[in-house]
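Read the structure below first, then the notes.
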Amino acid sequence: MSFHDQNTPGQLIERIDGDVANLANFFSDFVFRIVGSLILLFGVLGLLYWENWHIGAALTVYAIIGMTCLFKMRSIAVPQWKAARQASSDLFGFLEELRVAGLTYQFADSTYGIQDVEFAFERGTFNVVTGRIGSGKTTLLRTLQGLLSPQSGTVYWNGQAVDNPASFFVPPRSAYTSQIPWLFSASLRENLLMGMPESETDLDAAIHAAVLEKDLVDFDDGLDTLVGPKGVRLSGGQIQRTAAARMFVRDPELYIFDDLSSALDVDTEKILWERLFAQRQATCLVVSHRRPALHRADQVIVLKDGRIEDRGSLNELLERCEEMQRLWKGDWGDERSDAE
């Protein structure tokens, strides 16, 4: 049973603090402790090295007061930050429909980019963006999320315009995995949790959905296995499935995958999609040219030269769209980068 099925809307809004704030709080705790320790250290050093012990004692008192003020400021700031996030969630609510209107981004001194892209999809649907290499697929995903600043166009969440996509499209609203997922030089567990309390997650379910459970058996230290810088100790498929599990742990409203399955075999990819939808009412926006994804799609969006050539079901497009027919036959263009 998914997190959404077990919690009321009010409880899910509270999840903002547990999902987004956890990582921020983890680092803020670390910073505050370091700063506090340094202040105390300087006070003690002052007590030891100043000939006038009165000054040293005063510095020590100052360090203690400074530490107290820092932690007091944090206790005030975090609830205020949480309240602002909650107000934003109350305004936009859970995803029922996402609509993109006139989205445009053109790279400088280049013909690559996207122009006047428009589409929409509803909650619980699987939507695949496909096209030749260099057609604008990755650019579309990055512009939609504000990772590239759109030159025109608007993204609507439940009919409400998203003014700042870069700060809006984060967990628990959405989770994104890029073409080359980034892993930190830490344990597998730490890469999955990223500061979230393990007690508030279902790691086993996320690992199972990502088809990662058999790999764990082969790891001597299981979830405590160190993956190395950028996940160098893992295979390409293991890196992609680890990134998928990291998304699943957060149980977002919207999953955004950029060619997640490029390093997966067809059977593993098929199982991953089946497990994702068996566990939850997932809403997905996926860049892919793989047939398991295209067959599952509720909507296929065909890009050509940065514009939408056509969109609809796979069967509809195979009947009427010449570009989709060529893609289906394996004509994906040259080996240019899809950084587009």
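So my numbering is basically just the index in the sequence shown, starting at one, shifted up by 9. Even for Gly, the Cβ is constructed at its ideal location relative to N, Cα and C.
Check the Cα spacing between G168 and each of G204, D268, A175 and E105: the tightest is with E105. The beta carbon of T210 sits closer than 6 Å to those of V258, all from its chain and outside the five residues before and after it, given in chain order. For S176, the uninterrupted alpha helix (DSSP H) run begins and ends at P174 to F177, by DSSP.
Closest in C-alpha terms to F116, from the list L327, L263 and D314, comes D314. Shown here, W282 sits in a helix according to DSSP, grouped into three states.
Nearest Cα to R300 within the set S271, I216 and T148: S271.
Pairing T234 with S183 gives a Cβ-Cβ distance that is not under 8 Å. DSSP, reduced to helix, strand and coil, places N324 within a helical segment of the structure shown.
Relative to K279, the option among V296, L303 and G155 whose CA is nearest is L303. The three-state reading of DSSP puts F135 in strand, counting E and B together. In the three-state reduction of the DSSP assignment, W337 falls in the helix class, which pools H, G and I. A direct Cα-to-Cα measurement between R284 and A214 gives close to 10 Å. Secondary structure of C78 (DSSP, three-state): helix. For T148, the enclosing alpha helix (DSSP H) has its first and last residue at K146 to L153. Taken in chain order, the whole beta strand (DSSP E) runs of length 3 or more contained in the region 159–242 are 161–166 and 183–186. In this structure, L273 is the residue among L273, I142 and G111 with its C-alpha nearest to the C-alpha of G245.
Secondary structure of R259 (DSSP, three-state): helix.
When beta bridges are read from the DSSP output, G122 appears opposite Q115. In the three-state reduction of the DSSP assignment, A129 falls in the strand class. Excluding the 5 residues flanking it on each side, G231 has same chain C-beta neighbours closer than 7 Å at L225, in chain order.
A Cβ-Cβ separation of about 6 Å places F130 in contact with L107 under the 8 Å criterion.
Closest in C-alpha terms to A110, from the list E207, G162 and Y185, comes G162. Under the three-state reduction of DSSP output, L156 falls in the coil class, being neither helix nor strand.
If you ignore the 5 residues before and after L221, its C-beta comes within less than 7 Å of the C-beta of R250, T251 and A254, all in its own chain and listed in chain order. With a beta-carbon spacing of about 18 Å, T113 and V296 fall beyond the 8 Å limit used to define contacts. The alpha-carbon separation between E332 and Q160 amounts to approximately 27 Å. Distance from I123 to G145 at the Cβ level is roughly 4 Å; contact confirmed, criterion being Cβ atoms closer than 8 Å.
In chain order, T139, G140, R141, H298 and V311 place their CB closer than 8 Å to the CB of L336, counting only its own chain and leaving out the 5 sequence neighbours on each side. Around the beta carbon of E262, a 10 Å sphere encloses 16 or more other beta carbons of the protein chains shown; the residue is thus reported as buried.
Annotated three-state conformation of L294 is strand, per DSSP.
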